[in-house]
Amino acid sequence: MRRYLTRKLITYVLAFFVGVSIDWGIPRLMPGDPIQGLVSRFNVGSSAAYAALYKQFAQSFGLNVPLWQQYLDFWKGVLTGNMGGSIYAPGATVTHLVFSAMPYTLALLVPAILLSYSLGNRLGAAAARRKFLDNSILPFGYLLQATPYPWLALVVPYLFGSVWHLFPTAYGYDPGLVPHFDWTFIASLLDHWFLPFLTVFIVSLGGWAIGMRNLVIYELENDSSRYLRALGASERVIRRYAYRNASLPQLSGLALQLGVVIGGNIVTEIAFNYPGLGNLIFHAISNQDYFLLQGIFIFIVLGVLIANFVIDLVFIAVDPRTRLSMQGATA
Amino acid sequence: MSVSVENLSVAYRSHRGDVTAVDNVSFSLADGEIMGLAGESGCGKSTLGNALVYLDYRMKASGGKVTVDGKDLPISDSNAMRSRRMTEVSLVPQYAMSALTPTRKIGRIIDDLLKSHRVKDRDKVMTELRRRLELIGLKEDVLGKYSFELSGGMRQRVTIIMSSLLNPSLLIADEVTSALDVSTQRAVGEMLIEFRDRGYIKSAIAITHDLSILAQIADSIAIMYAGRLAERAPTSVLVDSPLHPYTQALLASLPEVGVRHDQVTLSGIPGRPPSLANPPAGCRFRDRCPFAFAKCSETPPFEEIKPGHLVACWKASQEHAEMAGTGRGLPLKEQV
Amino acid sequence: MSESISEAPAPAVAATGLPAGPAGTAVHRGRNDILHYGLRNKKLLFGLSLELILVLLAIIGPYLAKNPPMEITPYPLQHPGSKYWLGTDLTGYDLYSQLTNGLRESYLVGALGAGCAALIGMALGFIAGWRGGWLDEVLQMITNIIVMIPSLVLLVVIGSYLTSRSVLFEGVFIGLTTWPWVARAVRAQTFSLRSREYVDLARLSGKRPTSIILKEIAPNMASYLFLVVILLFGSSMLIAASYDFLGVGPNNVASLGWTMNQANANAALTYHLWWWFIPPGAVLCLMVFALLIANVGLDEVFNPKLREQ
Numbered sequence: 159m160r161r162y163l164t165r166k167l168i169t170y171v172l173a174f175f176v177g178v179s180i181d182w183g184i185p186r187l188m189p190g191d192p193i194q195g196l197v198s199r200f201n202v203g204s205s206a207a208y209a210a211l212y213k214q215f216a217q218s219f220g221l222n223v224p225l226w227q228q229y230l231d232f233w234k235g236v237l238t239g240n241m242g243g244s245i246y247a248p249g250a251t252v253t254h255l256v257f258s259a260m261p262y263t264l265a266l267l268v269p270a271i272l273l274s275y276s277l278g279n280r281l282g283a284a285a286a287r288r289k290f291l292d293n294s295i296l297p298f299g300y301l302l303q304a305t306p307y308p309w310l311a312l313v314v315p316y317l318f319g320s321v322w323h324l325f326p327t328a329y330g331y332d333p334g335l336v337p338h339f340d341w342t343f344i345a346s347l348l349d350h351w352f353l354p355f356l357t358v359f360i361v362s363l364g365g366w367a368i369g370m371r372n373l374v375i376y377e378l379e380n381d382s383s384r385y386l387r388a389l390g391a392s393e394r395v396i397r398r399y400a401y402r403n404a405s406l407p408q409l410s411g412l413a414l415q416l417g418v419v420i421g422g423n424i425v426t427e428i429a430f431n432y433p434g435l436g437n438l439i440f441h442a443i444s445n446q447d448y449f450l451l452q453g454i455f456i457f458i459v460l461g462v463l464i465a466n467f468v469i470d471l472v473f474i475a476v477d478p479r480t481r482l483s484m485q486g487a488t489a
Numbered sequence: 023m024s025v026s027v028e029n030l031s032v033a034y035r036s037h038r039g040d041v042t043a044v045d046n047v048s049f050s051l052a053d054g055e056i057m058g059l060a061g062e063s064g065c066g067k068s069t070l071g072n073a074l075v076y077l078d079y080r081m082k083a084s085g086g087k088v089t090v091d092g093k094d095l096p097i098s099d100s101n102a103m104r105s106r107r108m109t110e111v112s113l114v115p116q117y118a119m120s121a122l123t124p125t126r127k128i129g130r131i132i133d134d135l136l137k138s139h140r141v142k143d144r145d146k147v148m149t150e151l152r153r154r155l156e157l158i159g160l161k162e163d164v165l166g167k168y169s170f171e172l173s174g175g176m177r178q179r180v181t182i183i184m185s186s187l188l189n190p191s192l193l194i195a196d197e198v199t200s201a202l203d204v205s206t207q208r209a210v211g212e213m214l215i216e217f218r219d220r221g222y223i224k225s226a227i228a229i230t231h232d233l234s235i236l237a238q239i240a241d242s243i244a245i246m247y248a249g250r251l252a253e254r255a256p257t258s259v260l261v262d263s264p265l266h267p268y269t270q271a272l273l274a275s276l277p278e279v280g281v282r283h284d285q286v287t288l289s290g291i292p293g294r295p296p297s298l299a300n301p302p303a304g305c306r307f308r309d310r311c312p313f314a315f316a317k318c319s320e321t322p323p324f325e326e327i328k329p330g331h332l333v334a335c336w337k338a339s340q341e342h343a344e345m346a347g348t349g350r351g352l353p354l355k356e357q358v
Numbered sequence: 056m057s058e059s060i061s062e063a064p065a066p067a068v069a070a071t072g073l074p075a076g077p078a079g080t081a082v083h084r085g086r087n088d089i090l091h092y093g094l095r096n097k098k099l100l101f102g103l104s105l106e107l108i109l110v111l112l113a114i115i116g117p118y119l120a121k122n123p124p125m126e127i128t129p130y131p132l133q134h135p136g137s138k139y140w141l142g143t144d145l146t147g148y149d150l151y152s153q154l155t156n157g158l159r160e161s162y163l164v165g166a167l168g169a170g171c172a173a174l175i176g177m178a179l180g181f182i183a184g185w186r187g188g189w190l191d192e193v194l195q196m197i198t199n200i201i202v203m204i205p206s207l208v209l210l211v212v213i214g215s216y217l218t219s220r221s222v223l224f225e226g227v228f229i230g231l232t233t234w235p236w237v238a239r240a241v242r243a244q245t246f247s248l249r250s251r252e253y254v255d256l257a258r259l260s261g262k263r264p265t266s267i268i269l270k271e272i273a274p275n276m277a278s279y280l281f282l283v284v285i286l287l288f289g290s291s292m293l294i295a296a297s298y299d300f301l302g303v304g305p306n307n308v309a310s311l312g313w314t315m316n317q318a319n320a321n322a323a324l325t326y327h328l329w330w331w332f333i334p335p336g337a338v339l340c341l342m343v344f345a346l347l348i349a350n351v352g353l354d355e356v357f358n359p360k361l362r363e364q
C-alpha cells in the first residue's frame, strides 16, 4: 500500500509540475505577440502612448525579466494563490473569480458523476445478467455514449425549457434575485441547476453502464465464477462476486474519465450560461483574458489531481490486493 | 457400485458441427475407490470429469446415464444439478490457482457457499472445516486470508478442502498436482488418500497426465485416448502388465530416476492423436500402433479381458481368446 | 484483474472498456471463420451499413447542395422545405450544406485524430510492453501525467493564443492528447502476449525478435488493434465536436460542432429554430453510434467467448 501511494503521489506532483510548466510555457511558445493583441484593443493613437501601454502590460505579464525568473515568479504566484488580476473583470483577482465560480461547477459535477456512476454500474450489471435486459439496455447505453455533449446541452434546454417551459435555461439563478440564503433563492438555484445537471448526468450514464456490463460479463465467465458454479453456488452469490470484482477496474476507469466529464461540464455550462468555471472560460476567451485562462487551467489541473487522489484512497479501501500490497494496482 | 457411468458421450458445439470429446464411455467405481484417469492432452479426460459436475453451455451430453449412490445424476439439467454439486459430486478444478475469487476472504467464500446450499448448522460445518485444515497442516488463519496471500500449494489444498467439505460421494480432482513441486505433489496425493480413508469423500476420479502420481495414489487406472477409453485395470495390474499398446507405449516412455540418457534413450510415441472433429473409423490408435492389423479398422469394444481388466483392443482380445482357446498361455506372433 | 480488459476507457467514448483481446489460445483463426461469423453478426452488419450510409452522405451530400456552406443565401430563417432541405439559419447559411460539409470535416478530424493517436500509442505502448523495465516505468509515468491534464482546457488556452487553426492542427492535437489510452491498451496486450507459450517457443527456437513480433504477436494483436482504432475514431469525432462548439476548432470551417455553436450563440433555442441545432448533433450521434455497435459486433466475431450463448 505504501508503495502504491508513493507512486501515485510522485505522479501527481510530476503532473502538477508539468501542468504548471505547460501553462507558463504556452503564451511564450505561441506565435504572435499576445501583448500586441491586448494593446491593440485599446486603440491608442500616439506611438508614445502605445509604447507606454505596451511596457505596462509587459510588466504585468512579467515579460520584462529574464525567462528563468519569469518561470520562478509564475511558480511563486501559483503557490501563493496569486494568479494575477483579471482583464475581463478588472479589479477582481483571478483567484477570487475562480473561487466564486467553483461552487457552481462542483454542484454540477459531483452529483452528476456520483449518480451516473452508481446508476450506470447497476444498469450495466443488470444488463449482464439477463439477456432481455441486455437487449434493451445495451443499444440505449451506446446511444447515450454516442451523444455529443454540445448536442444534448442544446436539446435538453430546448425541450424542457423552450418547448415545455418546465425549467429555466440560462444563468445560475433568477437574475432578479439577490443572492442570500433564503428559500426563494435556494429554490431558484435548484431550478436553474437541474437542466445542466441532467445533461451531464445523461451523457455520462451510458458509458458507465456499458463498461460495467462488459466487465461483469467477463467476470461471470472467469475461473472464480466457474468454480463457484461448479460448487453449486446460487446465481446471486456468483453475481455479487462478479460485481465486486468488476467494480475495481471500473473505479480505475472513473479516475481516467474525469478529464472527459470536465470537458463535458464546460460545454454544458457554456450552453446554459451557467456561472461555473466553464462559463468563466468562455468569458475569458471572448475577452482574451489570458491571466484568467491560465489561472483556471491551474485550478482545474489541481482539481483533477485531488479527485484522482481521492479515488486512489477509495481504491485502497476496496481492493484487498492493493491494501495488502501483494500486487500493486497497475493503474 | 458407488458411481456408474454408462455410454456417456459429450460433445462441443461448433458452427462446423459437433466435436465429440468423449465418445461412448462406460465405467464404474466402487465405494472408496480412487480411479486415476490418464491420457494425453486433448484426449477428453478433463471433459469427462468436468461433465460429471458442471456441463458448460457449449457442451452437450448424449447417450447414457450417470448414477451416483444408486440415484440418477441429471448432468444435462444444470438447475437440477445445482443442489447436488458439492454435496454429491464435487470438483477440484484444473484452474485451482485462480479458482478463488481475489476480493473475498476464504472463510467468507466458504460461508457463502454453505448459505447457497442452505446448510443447516453452519457452525458445525465450520468447526469441521477447521479440524480438516489442521489435519493437513494448514493454519486456521487461512480462513481470514485472501487467495493471493497463499502459495500455490496452499491454494491447491484449500480448494480440495473446500470441494470436499460437504462430504461428496464423488470427487473429481482435475490435475491437482500438475502445478506443484514434487514434495507438495506428494502431500496433496496423501491428502486425497487420507480424505478417502476418513470418509470425507467416498470415491474419487483423479485426472492427470502424470502416470507416476497415479501409481502412488490410485486404486485403479483408466487410460483414455482420443475420446475413448483404451484400458482400465487395478493400478498394479496396469503398471505391471498393460494390455493396450498405447498404455504400453506410455509406460515405456516414462523416464526412470537415476538412469542417464546414454544408458537408455527415451522412447516417445511417434505421431499425433487424431482430430476429434473428424475422427477416423475403427480404432483411433491405429495409425500410431506398432501392432495394428486389418481388424483394427473396426472399432474394438471396451470389454473385460480378464477379471477387473477392461481393454479396447483387437490384439488384446484376440490374444486372450487364443490363450483361452489353446490353454497354453504362449504369446503368439501378431498377424500382419 | 484481467489482463485483457485494460482499466483505461477511451476518452469521450467513456468506459466501454476495451475489446476483450485475443482469445486465450494462439489460434490464427482462419479467414473463413471470421467471414462466417462476421456476415452473421447482426450488430456488425447494422453498424457497418449505418456507417456506410453516413459516409456516402458525407461524400456525395455536398455535391447535392445548392450553396457552399459559408455562402450567405438571400433567404435566412427558412424552415426545412423543398428549396432548402434543412432550412437556413439566421444569417442565411444553407444548413443542409453545412451538415454535409460538417460530416466530411468530422470524418476527416476523426481519421486524423485516430491515426495520430494510434501511431504514437501503438509505438510507445508496444515498446513499453515488449521491453519492460525502466523504459516501461517511464512511459507509464508519462502516460499517467498526460491523462490527468484536462485536454479541453488545454486546447482552450492554446487556442486562445492562436489566431488561425486548421483541421490538421485539431486532428493532431486530439491525437496527442488521446494516445495514452491506446498506449495503455497496447502495452497490456503486449505484456500478456509476450509471455504466452508460443512466443517463448519462438524465442527458444532462435527466431529473431522482429520475426517473433511480426509472425507471432502482430496477428493476434491485429484484430484487437483494429477494434481500438474504431473506438478511437468515434471518440475523436466527439471530442472535435466539443472543441468546435467551444470555438477553439478550425476557423472558417463549417463543422457540426461549429453549427451548434452558432445556433447557441444566436439564441436558436429561444426562437425555436430547431432545425439549426438538432440535425447536426443527431447525425454525429448516429455516426458514433454506428461505430460503437459495429465495434461490439466485431469484437464478438473476433472473440468466441463473447458470442451468443
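Protein chains in written order, with the working numbering: chain A, 159 to 489; chain B, 23 to 358; chain S, 56 to 364. Think of the CB as a built atom: it goes at the ideal place given N, C-alpha and C, for glycine as much as any other residue. These figures come from a predicted structure and were not determined experimentally.
Hey, residue i and residue j are a contact pair by Cβ (cut 8 Å); roughly how many whole angstroms apart?
i, j, result
"residue 433 (chain A)", "residue 330 (chain A)", "4 Å"
"residue 399 (chain A)", "residue 382 (chain A)", "7 Å"
"residue 310 (chain S)", "residue 157 (chain S)", "5 Å"
"residue 327 (chain B)", "residue 265 (chain B)", "6 Å"
"residue 236 (chain B)", "residue 49 (chain B)", "That belief does not hold up - the Cβ atoms of residue 236 (chain B) and residue 49 (chain B) are roughly 15 Å apart, past 8 Å."
"residue 141 (chain B)", "residue 155 (chain B)", "Contact flag wrong, Cβ pair sits at about 18 Å."
On the criterion of 16 or more Cβ atoms from any shown chain inside 10 Å, does residue i qualify as buried, or is it exposed?
i, result
"residue 162 (chain B)", "exposed"
"residue 210 (chain A)", "exposed"
"residue 182 (chain A)", "buried"
"residue 366 (chain A)", "buried"
"residue 159 (chain A)", "exposed"
"residue 123 (chain S)", "exposed"
"residue 268 (chain A)", "exposed"
"residue 326 (chain S)", "exposed"
"residue 437 (chain A)", "buried"
"residue 249 (chain A)", "exposed"
Using a threshold of 8 Å, state whether the C-beta atoms of residue i and residue j are closer than that.
i, j, result
"residue 59 (chain B)", "residue 70 (chain B)", "yes"
"residue 177 (chain B)", "residue 118 (chain B)", "yes"
"residue 234 (chain B)", "residue 276 (chain B)", "yes"
"residue 226 (chain B)", "residue 192 (chain B)", "yes"
"residue 230 (chain B)", "residue 245 (chain B)", "no"
"residue 315 (chain S)", "residue 109 (chain S)", "no"
"residue 180 (chain S)", "residue 233 (chain S)", "no"
"residue 154 (chain S)", "residue 303 (chain A)", "no"
"residue 435 (chain A)", "residue 458 (chain A)", "yes"
Inter-stretch contact (C-beta, 8 Å, three-pair minimum) for the segment 409-422 of chain A and the segment 127-145 of chain B: no
Minimum length 3: unbroken beta strand (DSSP E) runs contained in the segment 457-482 of chain A: none
Given 8 Å, three or more beta-carbon pairs between the segment 284-295 of chain A and the segment 461-471 of chain A: no
Inter-stretch contact at 8 Å, needing at least 3 Cβ pairs: the segment 234-244 of chain S / the segment 444-458 of chain A: no
Segment contact flag, the segment 285-301 of chain S with the segment 225-232 of chain S, C-beta cutoff 8 Å, min 3 pairs: yes
4 or more residues per run - each alpha helix (DSSP H) lying fully within the segment 129-174 of chain B: 144-157
contact_flag[the segment 162-178 of chain A, the segment 198-208 of chain S] where n(CB pairs < 8 Å) is 3 or more: yes
Every unbroken alpha helix (DSSP H) within the segment 260-299 of chain B, with a cutoff of 4 residues, ordered by chain: 267-274
Contained beta strand (DSSP E) runs [length at least 3] in the segment 73-121 of chain B, N- to C-terminal order: 81-90 and 111-114
Unbroken stretches of the alpha helix (DSSP H), 4 residues or longer, contained in the segment 152-211 of chain S: 188-203
The segment 307-321 of chain B / the segment 289-299 of chain B touching (three or more Cβ pairs under 8 Å): yes
Contact between the segment 350-364 of chain A and the segment 94-105 of chain B (3+ Cβ pairs under 8 Å): no
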